[in-house]
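Peer 1: Residue 129 is where the sequence shown starts when you use my numbering, and the numbers rise one by one after that.
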Amino acid sequence: MFATAPRALDAPSVARLLSAPTAVACGFPSPAQDYYDGPIDLTDMLVDDQAATFIVRASGHSMTGAGISDGDELLVDRSKTPKHGDIVVAVLDGELTVKRLELSPAGVVLRSENTAHPDIVVAELSDLQVWGVATYCLHHLR
129 MFATAPRALD APSVARLLSA PTAVACGFPS PAQDYYDGPI DLTDMLVDDQ
179 AATFIVRASG HSMTGAGISD GDELLVDRSK TPKHGDIVVA VLDGELTVKR
229 LELSPAGVVL RSENTAHPDI VVAELSDLQV WGVATYCLHH LR
C-alpha cells in the first residue's frame with residue numbers, strides 16, 4: 129500500500145509559506161478578504177504531536193472515496209487512539225494498509241473506500257496492529 133516507508137516529520141524540513149491567505153473563496157473573490165502576511169509553519173498548523181507524527185505515501189486506489197489518491201502523502205499520528213470511523217494505517221499479519229476502521233461487537237473490519245476493492249474482515253486469529261491514525265491527506269494537484 130505504500131510507495132515509500134514512513135518517515136518522521138522533521139520541523140526544519142517543513143516549508144514556510146509567505147503571504148498565504150487564511151481562506152480563499154472558490155467562487156467570486158471578495159474584495160474585503162482579509163489576508164495574513166506573516167510566515168506559516170505547517171507543523172504548527174497540522175501536527176498535534178511532532179514526535180509521533182509521520183508522513184507516508186499512499187499507493188493504490190482503495191481509498192479514493194475518502195479523498196486519498198495514489199501518490200498522496202498522509203500525516204499519520206501514532207499518539208492518537210484509533211476510534212470507529214478513523215482512517216488508519218494498519219499492520220495486518222505483517223502487511224501495511226490504509227483503511228477506514230470499523231469496530232463492532234461482531235469484530236473489526238478494515239473498510240475500503242472504493243467499491244472495486246474488498247473490505248477486510250479481520251479474522252479472530254489475525255495479528256492486527258493499528259500503526260497510527262491518519263489526520264491529513266496532502267493531495268497532489270499537479
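Even glycine gets a Cβ: it sits at the ideal position worked out from N, Cα and C.
(1) Go ahead and pull the three-state DSSP assignment for G235.
(2) Let me know if R239 comes out buried or exposed under the rule of 16 or more other beta-carbons within 10 Å of its beta-carbon.
(3) So which of I215, G260, D205, R270 has the shortest CA-CA distance to E241?
(4) Suppose contacts are defined by Cβ-Cβ distances below 8 Å. Is G260 in contact with V219 by that definition?
(5) Find the nearest neighbour of K211 within the set I168, L229, T181, I196, judged by alpha-carbon distance.
(6) With a Cβ-Cβ cutoff of 8 Å, do V255 and D221 count as a contact?
(7) Residues in the same chain with beta-carbon distance under 7 Å from S207, minus the five sequence neighbours each way, listed in chain order, please.
Peer 2: Reading off the structure:
(1) Assigned with DSSP and collapsed to three states, G235 falls in strand.
(2) Its Cβ being crowded by 16 or more others within 10 Å, R239 is buried.
(3) Of the candidates I215, G260, D205, R270, I215 places its Cα closest to the Cα of E241.
(4) V219 sits away from G260, with the two beta carbons spaced by 8 Å or more.
(5) Nearest C-alpha to K211: L229.
(6) Reading off the sequence, residue 255 comes out as Asp, not Val. Contact: yes.
(7) Same-chain partners within the cutoff: D177, A180.
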